[in-house]
Amino acid sequence: MSINLQALFAQLLVGLINGSFYALLSLGLAVIFGMLNIINFAHGALYMMGAFAAYFLLNVLGIGYWWALIIAPLAVGLFGIILERTMLQWIAQLDHLYGLLLTFGLGLIIQGVFQNYFGSSGLPYAIPDELKGGVNLGFMFLPIYRGWVVVFSLVVCLATWYLIERTRLGANLRAATENPTLVRAFGINVPRMITLTYGLGVGLAALAGVLSAPINQVRPLMGADLIIVVFAVVVIGGMGSIMGSIITGFALGIVEGLTKYFYPEASNTVVFVLMVLVLLIKPSGLTGRTA
Amino acid sequence: MVETMTTASDAAAATPSAQPAGDVVLSVQNLQAWYGESHILHGIDFEVRAGEVVTLLGRNGAGKTTTLKSIMGIIPKRSGSIRFEGKDISRASSDKIARQGVAICPEERGIFASLDVRENLMLPPQVRPGGLSLEQIFELFPNLKERLKSQGTKLSGGEQQMLAIARILRTGARFLMLDEPTEGLAPVIIQQIGHTIQRLKNEGFTILLVEQNFRFAATMADRYYIVEHGKIIDGFANSELSANMDKLHSYLGV
Ligand SMILES: Nc1ncnc2c1ncn2[C@@H]1O[C@H](COP(=O)(O)OP(=O)(O)OP(=O)(O)O)[C@@H](O)[C@H]1O
Ligand SMILES: [Mg+2]
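Going down the list, the protein sequences come from chains A and B. Quick note: the first sequence uses the UniProt record's numbering, first residue 1, plus one each step. Quick note: the second sequence uses the UniProt record's numbering, first residue 1, plus one each step.
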């Protein structure tokens, strides 16, 4: 079979873009799971809220993309903090199943409310002027906005990794993930840390939503579709490590892109096939630690 | 601070009971505690004075660790009065209690696997001014300085115990609760930890020690309390130790 490089690179780019979203979302899920012991099924809905926040900022308040990148994650993160304070904290001591059901229900409610007002069709969100157009790299044409999404996501993922693995604050977080009781007995306000961690994970989801708005349009169900794949990514990567979820996210995006080129029929299922294989061979995921 | 300390061997030679007793730092009255439905502490009463080393002795399962955890605020279901430096801490959360100046070195040591030695050491925040500096800590525990980059749980048992003690010395807390710091360690390490506790005592730290090994405790303790079935059933000063030896043997079943 002859290889059409143009098409191959195009699919790789699509894969990298999807991988960026997988990485940002599975990173948030891993951070939340570590501290709260909750598999946050509302994650897709919160991602969608990030995109809608950008949409409202632009169309109601006239605030553009660049500010939306900051304001939307803060606003949706704050919403997450309210969810944690009013609901999630009360089930922290209970079985995983309760957190799963609660966040799943919350996600459905949020999506339902948005669907009620906005139906199921997509609302357009324009690419900011600064990122319009593209460059010809010789071997392929690169739309600037897509390149930006990949680079920016990578930077955000690595910054989050640095925060958690290399800073004093991150050491508190890792320690509290291991033994919250003892960390609290050293004088650290662990409940507040848990709340802020949930806010961080939710903020990352919302940021992914903003990044996605110009590419995928703004739709109430945009998160529902994506999050199923992200959970498969999480199962494959395991929730044990921050770097693990970043790498798995990008890698699976690329695998999907390659599959789209070499065997398009399987491109929507390849991640799930991998998930099944990983579950059979190493049920705790590639980077360990079971839910 | 450390420069003015006597050396460990001098300290061991000093007579601890000769120190005058200070103000009451910790006073525990009718402390009761539960794990779920099981009632573990049935009314613990004792006090610790400034500068003292007080040792809780008792058989396995008597309730010594539960007593320390209750003081620290870790056991949610507890009742009775716990006063630290005159303030009631019996209902406070454990982070608030720690910020009052109470520090714990837990029985299982609680070294974090996902943190390296330096991060473990730096984890507990400063709650008061006047904690030991890193240089002073490395002077007490030279081994730790060599291992700063190692994963916390890669240290030997003795080094982990030293790390567990060292990290609470940084915080400025002057009241330390040490839960069986010698458990499972080799004699030379036990000796080193003994010297360290001696030095801390000479430095004016107030220490509540849980020990099974009363020969170890005897080298530094001012007073002993015997815990049995969740109650304090006896107590005596170090000077009365030899007079109480027979009783002690029967309490501890040794
Ligand atoms: N997490 C727990 N849940 C239920 N019961 C517990 C728990 N921890 C301890 N216990 C019980 O409480 C009692 C007192 O335990 P505690 O750990 O305070 O004893 P201890 O005096 O420290 O003993 P040791 O010398 O073995 O450390 C024991 O009967 C023990 O079985
Ligand atoms: Mg114990």
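The C-beta atom is built at its ideal place from N, Cα and C for all residues, glycine as well. On a predicted model such as this, the values are computed, not experimentally measured, just so you know.
- About 7 Å separates the beta carbons of Val25 (chain B) and Phe84 (chain B), which is inside the 8 Å limit, making them a contact pair.
- For Ala171 (chain A), the uninterrupted alpha helix (DSSP H) run begins and ends at Arg168 to Glu178, by DSSP.
- As DSSP reads the structure, Asn136 (chain A) sits in a beta bridge with A:Phe141.
- Taking a C-beta distance under 8 Å as the contact criterion, Leu200 (chain A) and Val14 (chain A) do not qualify as a contact pair.
- Within chain B, the residues whose beta carbon sits less than 8 Å from that of Val190 (chain A) are Asp95, listed in sequence order.
- Per DSSP, the unbroken beta strand (DSSP E) holding Phe175 (chain B) starts and ends at Phe175 to Asp179.
- When DSSP reads this structure, Lys87 (chain B) sits in a beta bridge with B:Phe84.
- Leu277 (chain A) has its alpha-carbon roughly 37 Å from the corresponding atom of Val113 (chain A).
- Membership of Ile40 (chain B) in the beta strand (DSSP E) is indicated by the continuous run Ser38 to Arg49.
- Per the C-alpha coordinates, the member of B:Phe216, B:Met177, B:Ala166 and B:Leu208 positioned closest to Ala186 (chain B) is B:Phe216.
- Here the residues close to ligand 1, judged by CB distance below 5 Å to any of its heavy atoms, are B:Tyr35, B:Ile40, B:Asn60, B:Gly61, B:Ala62, B:Gly63, B:Lys64, B:Thr65 and B:Thr66 in chain order.
- Annotation for Asp23 (chain B): Arg49 and Ala50 place their beta carbon closer than 7 Å to its own, counting only its chain and skipping 5 residues before and after.
- A Cβ of chain B is located within less than 8 Å of the beta carbon of Ala185 (chain A).
- With respect to Ser81 (chain B), Gln29 (chain B) sits close: the two C-beta atoms are nearer than 8 Å.
- Restricting attention to A:Gly64, A:Phe118 and A:Phe104, the CA atom closest to the CA of Glu130 (chain A) is found in A:Gly64.
- In the assembly as shown, Val230 (chain A) is a buried residue. Its beta-carbon has 16 or more other beta-carbons within 10 Å.
- The contact set of Gly110 (chain B) on chain A, defined by CB atoms closer than 7 Å, consists of Asn179 and Leu182 in chain order.
- Taking Asn213 (chain B) as the centre and dropping the five residues before and after it, the same chain places the C-beta of Thr182 closer than 7 Å to its C-beta, in chain order.
- Shown here for Gly244 (chain A): same chain residues with a beta carbon closer than 7 Å to its own, the five before and five after excluded, namely Gly237, Gly238, Leu286 and Thr287 in chain order.
- For Leu56 (chain B), the enclosing beta strand (DSSP E) covers residues Val53 to Leu57.
- Under DSSP, Glu84 (chain A) forms no beta bridge with any residue.
- The C-beta of Arg168 (chain A) has fewer than 16 other C-beta atoms within 10 Å across all chains shown, which makes the residue exposed.
- Ligand 2 has no heavy atom closer than 7 Å to the beta-carbon of Asp88 (chain B).
- Using beta-carbon distances, Asn216 (chain A) does not count as an interface residue toward chain B, since no partner is under 8 Å.
- For the options B:Lys149, B:Thr55 and B:Glu37, the alpha carbon positioned closest to that of Ile232 (chain B) is the one of B:Thr55.
- Per the coordinates, the alpha-carbon of Leu8 (chain A) lies some 10 Å from the alpha-carbon of Thr259 (chain A).
- Among the residues facing chain B, Asn172 (chain A) is included, as its CB has a counterpart in that chain under 8 Å away.
- Distance from the CA of Asn172 (chain A) to the CA of Leu5 (chain A), rounded to the nearest whole angstrom, comes to 47 Å.
- Not one heavy atom of ligand 2 falls within 7 Å of the beta-carbon of Asp116 (chain B).
- Per the DSSP secondary-structure output, Cys105 (chain B) pairs in a beta bridge with B:Leu178.
- Measuring C-alpha to C-alpha distances from Gly50 (chain A) to each of A:Gly223, A:Phe250, A:Gly209 and A:Met275 identifies A:Gly209 as the nearest.
- Per DSSP, Asn30 (chain B) lies in no alpha helix (DSSP H) segment; the continuous beta strand (DSSP E) that holds it begins and ends at Val24 to Tyr35.
- Beyond the five residues adjoining it in sequence on each side, Gly158 (chain B) comes within less than 7 Å, by CB distance, of Leu185, Ala186 and Ile189 in the same chain, given in chain order.
- Out of A:Ser284, A:His43 and A:Gly240, the CA that lies nearest to the CA of Ile164 (chain A) is found in A:Gly240.
- Contact between Pro106 (chain B) and Leu182 (chain A) holds: CB atoms are separated by about 6 Å, below the 8 Å threshold.
- Within its own chain, the residues whose Cβ lies closer than 6 Å to the Cβ of Lys145 (chain B), once the five positions on either side in sequence are excluded, are Phe138, listed in chain order.
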